[in-house]
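Chemist: So that we are looking at the same thing, I have put the structure below in structure tokens.
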Amino acid sequence: MTACPDLPALTFPDEVVTFLRKEYEKADVILEFGSGGSTFLAAGQPGKTIVSVESDPAWAQRMRDIAAAHPLPSPPRVIHADIGPVLPWARALDSRELDRFRDYWHSVWDDWTDAPPELVLVDGRFRAACYMATWICTPRAVRVLFDDYGKRAQYHVIERLGRPVKMVGRMAVFDIDPARREDIAPWLLLSTYLDAVTSFKVGPEREKIKPRDYPRVLRAAIDRVVNPPRPAPRIETRYPLRRLIGAGPRWAEAASQ
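All letters in the sequence shown, in the order written, are residues -2 to 254 by the numbering used here.
Here you go:
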């Protein structure tokens, strides 16, 4: 008889765990970029909707298997975003599949059919890009818990759109109000988006992607925002970048020159 797998433990520092528990208790709909102990913290509470995005297919399947083996009050939905071959901790092996990376941060919004999330945990890959996708796509006010934020300067570009409301140890807390999107200058939004979606590192040497590849990742991401393959019925994912770049293809074509 196969033993029932243990639930993953929370690996955050104690002060973050205490804060996370309180935030997860308050939220009914939770989106996670990165799955693990936090996923099952939510799943162990009744009346929750939990969606977790994961780039490591083996880890995603392990999370599903663990969820299936336990009588959880709120079973999570774990989505594998295929970014190509990955290293430990789900980092992309290289940039060969660069055009697919945006699936990690945008696809979950394209296909969302539940009530929109009240809480978003950013604790996986492409963290600044995940924050930007949330900022662009959320139709309601949402709190974002951004782990490992404090000492990683490459993430701080997102503060052009608003500073954290607080820090809890290494975790930054942002409150995003979609009503504020109208107040952001288009050039500021686009420059922040570009810096965010090119801030990640790939490969065993943790190298940044090359500037020559910027048009690829940005064009692919904007294509996903402007022309989502299956627009979700409850969430409009095309604002405000659609307004910012008009019809889209002309800008994307110029970016590729």
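Ideal placement from N, C-alpha and C gives every residue a C-beta, glycine not left out.
Are the C-beta of proline 68 and some C-beta of chain B separated by less than 8 Å?
Modeler: Considering every chain present, this structure includes no chain B. It has just one protein chain.
Chemist: So for arginine 255, helix, strand or coil by DSSP?
Modeler: Nothing about residue 255 can be read from this structure; the chain reaches only from -2 to 254.
Chemist: Please classify arginine 45: is it buried, with 16 or more other beta-carbons within 10 angstroms of its beta-carbon, or exposed?
Modeler: For the purposes of this step, residue 45 is taken as the residue at position 48 of the sequence shown. At residue 45 the sequence reads lysine, which differs from the arginine that was named. Buried: at least 16 other Cβ atoms inside 10 Å.
Chemist: By how many angstroms is the C-alpha of isoleucine 173 removed from the C-alpha of proline 183?
Modeler: The sequence position of residue 183 within the sequence shown is 186, counting from 1. The sequence position of residue 173 within the sequence shown is 176, counting from 1. Straight-line Cα distance between these residues: approximately 17 Å.
Chemist: Are the Cβ atoms of leucine 4 and phenylalanine 30 separated by less than 8 Å?
Modeler: Mapped onto the sequence shown, residue 4 falls at position 7. Mapped onto the sequence shown, residue 30 falls at position 33. Contact: no.
Chemist: Give, in chain order, every unbroken run of the alpha helix (DSSP H) that is at least 4 residues long and sits entirely within the segment 31 to 77.
Modeler: DSSP runs (the alpha helix (DSSP H)) wholly in the segment 31 to 77: 34 to 40, 54 to 66.
Chemist: In chain order, what residues of the same chain lie with their CB nearer than 8 Å to the CB of arginine 18, ignoring the 5 residues before and after it?
Modeler: Taking the sequence shown and counting its residues from 1, the one referred to as residue 18 is at position 21. Closer than 8 Å at Cβ, skipping near neighbours: Leu38.
Chemist: Just how far apart, CA to CA, sit proline 72 and isoleucine 47?
Modeler: One-based indexing of the sequence shown puts residue 72 at position 75. One-based indexing of the sequence shown puts residue 47 at position 50. Spanning the two alpha carbons is a distance of roughly 7 Å.
Chemist: Within a Cβ cutoff of 6 Å, which residues of the same chain sit near serine 196, ignoring the five residues on either side of it in sequence?
Modeler: Working through the sequence shown from its first residue, we reach residue 196 at position 199. Around serine 196: Ala125, Gln151.
Chemist: Assuming contact is defined by CB atoms lying nearer than 8 Å, are alanine 87 and serine 49 in contact in what I supplied?
Modeler: Along the sequence shown, read from residue 1 onward, the residue named residue 87 stands at position 90. Along the sequence shown, read from residue 1 onward, the residue named residue 49 stands at position 52. Cβ atoms of alanine 87 and serine 49: not closer than 8 Å.
Chemist: How is lysine 207 classed by DSSP in three states: helix, strand or coil?
Modeler: Within the sequence shown, the letter at position 210 stands for residue 207. Note: lysine 207 maps to coil in three-state DSSP.
Chemist: Residue range of the alpha helix (DSSP H) that leucine 7 falls in?
Modeler: For this step, residue 7 is matched to residue 10 along the sequence shown. No alpha helix (DSSP H) holds leucine 7; DSSP gives it neither H nor E.
Chemist: How far does the alpha helix (DSSP H) with aspartate 343 in it extend, from its first residue to its last?
Modeler: Missing from the structure shown is residue 343; the chain here goes from -2 to 254 and no further.
Chemist: Take aspartate 100 and list the residues in its own chain whose beta-carbon comes closer than 8 Å to its own, dropping the five residues that flank it on each side.
Modeler: The sequence position of residue 100 within the sequence shown is 103, counting from 1. Excluding residues within five positions, the ones whose Cβ falls inside 8 Å are Ala78, Asp79, Ile80, Arg221.
Chemist: Taking valine 119 as the reference, give the member of Met60, Glu22, Ser32 with the closest Cα.
Modeler: Taking the sequence shown and counting its residues from 1, the one referred to as residue 119 is at position 122. Answer by Cα proximity: Ser32.
Chemist: In angstroms, rounded to a whole number, what distance separates the CA positions of phenylalanine 9 and lysine 148?
Modeler: For the purposes of this step, residue 9 is identified with residue 12 of the sequence shown, where counting begins at 1. For the purposes of this step, residue 148 is identified with residue 151 of the sequence shown, where counting begins at 1. Near 15 Å, if we compare the C-alpha coordinates of lysine 148 and phenylalanine 9.
Chemist: Using the rule of at least 16 other Cβ atoms within 10 Å of the residue's Cβ for burial, across every protein chain shown, is cysteine 127 buried or exposed?
Modeler: By one-based count along the sequence shown, residue 127 stands at place 130. Per the 10 Å Cβ criterion, buried.
Chemist: Mark aspartate 11 as exposed unless 16 or more other C-beta atoms lie within 10 angstroms of its C-beta, in which case mark it buried.
Modeler: Within the sequence shown, numbered from 1, the residue matching residue 11 stands at position 14. Answer is exposed; the Cβ neighbour count stays below 16.
Chemist: Note down, in chain order, each residue of its chain lying with its Cβ closer than 6 Å to the Cβ of leucine 191, except the 5 sequence neighbours on either side.
Modeler: Within the sequence shown, residue 191 is the residue found at index 194, counting from 1. For leucine 191, where only same-chain residues beyond five positions count, the Cβ hits under 6 Å are Leu215.
Chemist: Given a cut-off of 8 Å, decide if alanine 130 and histidine 153 are closer than it, judged by their beta-carbon atoms.
Modeler: By 1-based counting over the sequence shown, the position of residue 153 is 156. By 1-based counting over the sequence shown, the position of residue 130 is 133. Contact: no.
Chemist: Tell me the DSSP secondary structure of alanine 193 in three-state form.
Modeler: Counting from one through the sequence shown, the residue named residue 193 turns up at place 196. Helix, per DSSP.
Chemist: Put alanine 169 into one of helix, strand or coil per three-state DSSP.
Modeler: Taking the first residue of the sequence shown as 1, we reach residue 169 at position 172. DSSP places alanine 169 in strand when its eight states are reduced to three.
Chemist: Does DSSP put glutamate 202 in a helix, in a strand, or in coil?
Modeler: By one-based count along the sequence shown, residue 202 stands at place 205. Note: glutamate 202 maps to coil in three-state DSSP.
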